[in-house]
Amino acid sequence: MTGHMPLLGQIPGEIFTKWHHEYGPIFRIKMGVQNWLILGNAQIAHDILVSKGSVTVGRPEQTFLTKVHGKGGRGILMIDYGKRWKNIRNVVLHILSPKSVDSLSSTIERESEKGARHVMEVAELNGTIDPLEFGRFISTNLMLAIAFNIPSAKDVDDPTFKEIVKFVKTNSSYADFTNDISEMVPILKLPEILLRRDRKMQRHVDNELCPFMRQIIKDARESSGDSLVKKIDSIKEEYDIDETGVIFLMSEILHAESDSVGITTAWSISLLCSYPDVQEKVYKEVNAFIKRHGRDSTFADRKELPYFIAFEKECIRFRAAVDIGLPHKVFRDFNVITKGTIIYVNVNKLHSGPKLYINGSHQSRDHFMFGWGRRICPGIYMTKTELFYTLIKLVSRCITEPELSPDEERLYPDLQHGINTGVSVTPLPFKIRLIKRDNSNY
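Going by our numbering, the sequence shown opens with residue 28, and the numbers climb by one from there.
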């Protein structure tokens with residue numbers, strides 16, 4: 028009845044990678060009544076999800092993302108292929124286009140610098156910091172500024188920051204496809220109804236998420252500066268997006284950007300302190316730019332920072348914020364793949380490699396965290412811009428060192444294992460020290 032469901036463990040991507048080594052780059056598993064096709068090869072994924080994209084562009088139903096948060100075709104993550112999806116995607120492509128993001132670049136740089144200053148102050152005061160907590164703090168403040176143009180959280184105890192982290196964690200736990208029992212085993216819907224799981228989801232959306240989103244959207248509209256909310260407002264009638272649609276679309280954008288950038292920042296910091304030679308090379312390149320130009324580098328200057336960009340890409344490859352991408356659904360039979368099959372790309376396998384590899388002179392190894400084909404993430408440019416400024420402000424101002432034990436032993440982070448939050452994989456808990464650089468004026 029359950030098929031392979033009990034075998035997936037805490038982090039399905041790791042189990043899928045093990046099976047890829049045993050059975051090859053593509054295999055099918057049974058998840059209750061659902062057929063899942065797992066892809067662990069980039070060329071195969073391209074052939075199925077890009078070349079055959081018109082057939083594999085669909086999304087399967089998921090209790091929270093489709094029936095509660097996405098009820099009525101709201102948001103963009105899990106809405107099925109059709110006219111409404113095209114309309115919403117056009118809106119998102121417009122507001123997250125390179126031109127649109129570049130118009131907000133000064134805001135991104137300012138908030139990244141404020142975040143770096145704050146993190147350094149806390150590290151100096153407390154001795155260590157939690158990189159995941161402060162990665163989320165910086166990324167959340169970036170989104171408050173970019174998406175809503177409202178004041179940023181003052182610290183990690185700020186009610187606004189805590190509220191956003193709470194709803195991101197709750198959404199993530201509800202959005203776990205490998206734990207969506209009632210969709211995979213319909214006979215178990217009755218026990219879930221008795222346990223009122225769907226009602227808990229609905230209460231979360233109605234009583235916590237929506238009131239919060241309505242308030243910050245209202246604040247965004249009343250603010251004097253530009254924001255993603257105002258960009259949506261300028262075109263929402265053209266694409267038939269109502270107020271409820273705005274609320275849930277902005278909820279998804281806030282969640283996706285703050286979570287992915289925050290987690291990727293934490294993984295990147297774990298690599299910086301684990302590879303001090305790489306950290307020093309990154310710093311020397313960044314500092315050389317500052318000496319040449321008398322200013323910090325901007326995202327527009329990234330071609331002058333090939334080693335830094337290679338490092339940034341390698342961080343995304345070495346430990347992506349996700350282990351498996353969002354699922355695709357097959358619309359009709361093709362080749363040996365039947366209609367209704369649910370397809371996952373195993374990002375863990377595609378990114379697998381035991382060591383950090385950085386080549387600033389050549390193209391870095393590919394990374395596939397952002398999806399495939401017509402469903403590729405429209406926020407790639409914004410994510411890379413935010414990550415660029417976040418990392419460059421930290422690297423140019425301080426040295427990242429591992430926490431010390433009472434015996435002065437260096438406690439390096441675990442780079443091989445993580446924690447599955449439902450849709451993302453975070454590092455195991457660790458702390459770092461930040462040592463202010465001698466030539467830093469900050």
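Cβ coordinates follow ideal geometry from the N, Cα and C atoms, glycine included. Model, not experiment: these values are computed from the prediction.
For residue 142, the enclosing alpha helix (DSSP H) starts and ends at 132-153. For residue 293, the closest alpha carbon among the candidates 399, 440 and 140 is that of 440. Taken through DSSP and simplified to helix, strand or coil, residue 345 comes out as helix.
If you ignore the 5 residues before and after residue 244, its C-beta comes within less than 8 Å of the C-beta of 175, 256, 273, 274 and 277, all in its own chain and listed in chain order. Cβ neighbours of residue 228 within its own chain (closer than 6 Å, five residues either side excluded): 91, 95 and 201.
For the options 54, 98 and 458, the alpha carbon positioned closest to that of residue 363 is the one of 54. With a 10 Å radius around the Cβ and a threshold of 16 neighbouring Cβ atoms, residue 150 comes out buried.
In the three-state scheme derived from DSSP, where H, G and I count as helix and E and B as strand, residue 334 is classed as helix. Sequence-distant Cβ neighbours of residue 361 in its own chain, meaning closer than 8 Å and more than five residues away, are 79 and 82. Here the region 145-159 lies against the region 454-467, with 3 or more beta-carbon pairs under 8 Å apart. In this structure, the alpha-carbon of residue 343 lies about 8 Å from that of residue 295. Take residue 449, set aside five residues on each side of it, and the residues of its chain with a beta-carbon closer than 6 Å to its own are 199, 200, 202 and 203, in chain order.
Within the same chain, Cβ atoms closer than 8 Å to the Cβ of residue 271 are found at 99 and 101, the five residues on either side in sequence being excluded. Where residue 445 is concerned, the enclosing beta strand (DSSP E) starts and stops at 445-447. In the structure shown, residue 290 falls within a helical segment according to DSSP collapsed to helix, strand and coil.
Runs of the alpha helix (DSSP H) lying entirely within the region 56-98 and spanning at least 4 residues, in chain order: 69-73 and 80-83. The Cβ-Cβ distance between residue 163 and residue 289 falls below 8 Å. Where residue 118 is concerned, the enclosing alpha helix (DSSP H) starts and stops at 110-122. Between residue 65 and residue 350, the C-beta spacing is not below 8 Å. Taking the CA atoms as reference points, residue 412 sits about 42 Å from residue 29. Contact annotation: residue 373 and residue 48 have beta-carbon atoms that are not nearer than 8 Å.
Distance between residue 318 and residue 331, taken at the CA atoms: about 13 Å.
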